[in-house]
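**Q**
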Amino acid sequence: MNRKSFGSKLLILLAGILWGCMGLFVRPLNDNGLSSWDIVFLRAVLTTAFMAVFLLVRDRKLFKIRLKDIWCFLGTGLLSIVFFNLCYFKEITITSLSVAAILLYTAPAFVMVISAFCFKEKITTRKALALGVSFLGLVFVTGVLGGSEKLTAAKIFIGLGAGLGYALYSIFGRYALERGYESSTISFYTFLFATFGTVLFAKPDQVWNAATGSGKDILLAAAFVLISTVIPYLVYTLGLKNVENGQAAIIASIEPVVATVNGILWFSESMSAGVAAGIVMVLLGIVLSNTSSGKKSTVNKGEEGT
Numbered sequence: 002m003n004r005k006s007f008g009s010k011l012l013i014l015l016a017g018i019l020w021g022c023m024g025l026f027v028r029p030l031n032d033n034g035l036s037s038w039d040i041v042f043l044r045a046v047l048t049t050a051f052m053a054v055f056l057l058v059r060d061r062k063l064f065k066i067r068l069k070d071i072w073c074f075l076g077t078g079l080l081s082i083v084f085f086n087l088c089y090f091k092e093i094t095i096t097s098l099s100v101a102a103i104l105l106y107t108a109p110a111f112v113m114v115i116s117a118f119c120f121k122e123k124i125t126t127r128k129a130l131a132l133g134v135s136f137l138g139l140v141f142v143t144g145v146l147g148g149s150e151k152l153t154a155a156k157i158f159i160g161l162g163a164g165l166g167y168a169l170y171s172i173f174g175r176y177a178l179e180r181g182y183e184s185s186t187i188s189f190y191t192f193l194f195a196t197f198g199t200v201l202f203a204k205p206d207q208v209w210n211a212a213t214g215s216g217k218d219i220l221l222a223a224a225f226v227l228i229s230t231v232i233p234y235l236v237y238t239l240g241l242k243n244v245e246n247g248q249a250a251i252i253a254s255i256e257p258v259v260a261t262v263n264g265i266l267w268f269s270e271s272m273s274a275g276v277a278a279g280i281v282m283v284l285l286g287i288v289l290s291n292t293s294s295g296k297k298s299t300v301n302k303g304e305e306g307t
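At position 62 of the sequence shown (counting the first as 1) the number is 63 in the working numbering, and the numbers step up by one without a gap.
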């Protein structure tokens, strides 16, 4: 494994860890009276603002995109971020963090299949084994099997919707990278279009009041955006330059482990004896995916960013 590839995998792992902390912010925001649409809008508009300042300071040329490539950002912004966040935030409010996490992480399977068609990434035996081991580990980690929570059709389909939406970011993000855009540019336009996609369904005045009502509310909103959005999306997109989509999705499967641990530590969610074994299986799946002998990624066309 060369240094560039190793560094990219660490970036993707960091993104997964930070995404796993999302529930720590979503639940308090929901308790403040914000709906799923409101939270998606808050996330999108603040991320757009943060990224706009970042691009202005770094290099204004990074704002430039070609009109013929706009579909890439419509894909990452509307088909992925808006759809994924709406489903995932809704799932968090109607079920446990563990169930939401396990349904979200059907995403690697979606990524692997779609990437096989779109980017000719081979579904190798080792990669499939890594996916299977990781997913089985997540089943143990979340305690879904044998749990007392009833999984309704609505919970399942909303959770699967989150998984598909999450997967689509890797697909459209890869297309944008292949066209030479930096991760910061991709993140800015992704959340700009996500803002347009949510503003009509959210309540901006209520979002403003909930996010600025007190110093604590301001810190909560800022931390939510920086920790669970700006930083992880930047580093994940940057990591995709040197890692195949399917492999990246498996590495990021650390997210549900972190989400489950947070649920146990902060929300008093139950922990079964199988959690430790499940964590080991998830980590084993990540290791297996990183010993895969798949062909070298060909997406290193953009400049090194951020």
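The beta carbon of each residue, even a glycine, is placed where N, CA and C say it ideally should be.
Computed from a prediction, not measured in an experiment: that's the story for all the values here.
#1: Would you mind sorting G76 into buried or exposed? The rule is 16 or more other CB atoms within 10 Å of its CB.
#2: What are the boundary residues of the alpha helix (DSSP H) that includes D39?
#3: What are the complete beta strand (DSSP E) segments, minimum 3 residues, inside the segment 53-126?
#4: With a 10 Å radius around its C-beta and 16 neighbouring C-beta atoms as the bar for buried, classify Y234 as buried or exposed.
#5: Whole angstroms are fine: how far does the CA of R4 sit from the CA of V288?
#6: Do A177 and A16 have their CB atoms nearer than 8 Å?
#7: With three or more beta-carbon pairs closer than 8 Å as the criterion, would you say the segment 193-208 touches the segment 39-47?
#8: Drop a sphere of 10 angstroms on the beta-carbon of K10, count the other beta-carbons inside from all chains shown, and report buried for 16 or more, exposed for fewer.
#9: Quick one: what does DSSP say V283 is sitting in, helix, strand or coil?
#10: Work out the CA separation of Y182 and F194 for me, nearest whole Å.
#11: Could you spell out where the alpha helix (DSSP H) holding A224 opens and where it closes?
#12: Skipping 5 residues on each side, what residues in its chain have a beta carbon closer than 6 Å to that of T96?
#13: With DSSP collapsed to three states, give me the class of A203.
#14: What span of residues does the alpha helix (DSSP H) with Y167 cover, start to end?
#15: With DSSP collapsed to three states, give me the class of K151.
#16: Under the three-state reduction of DSSP, which class applies to S269: helix, strand or coil?
#17: In terms of residue numbering, what span does the alpha helix (DSSP H) encompassing V236 cover?
#18: Considering only the alpha carbon of each residue, which of F173, V100, L130, K128 lies closest to E256?
#19: Check for me: the alpha helix (DSSP H) holding N246 runs from which residue to which?
#20: Indicate whether the contact test is met: 3 or more Cβ pairs, each with one atom in the segment 69-87 and one in the segment 119-128, closer than 8 Å.
#21: With a threshold of 16 other CB atoms inside 10 Å of the CB of W209, please say whether the residue is buried or exposed.
#22: Between L87 and the rest of its own chain, which residues show a CB-CB distance below 7 Å, the 5 nearest in sequence each way excluded?
#23: Do you know how far the Cα of I115 is from the Cα of V54?
#24: First and last residue of the alpha helix (DSSP H) that includes S6?
**A** A quick look at the data gives this:
#1: buried
#2: 37-59
#3: none
#4: buried
#5: 16 Å
#6: no
#7: yes
#8: buried
#9: helix
#10: 16 Å
#11: 216-226
#12: K156
#13: coil
#14: 154-179
#15: coil
#16: coil
#17: 232-240
#18: V100
#19: 246-252
#20: no
#21: exposed
#22: S37, W38, V41
#23: 34 Å
#24: 4-20
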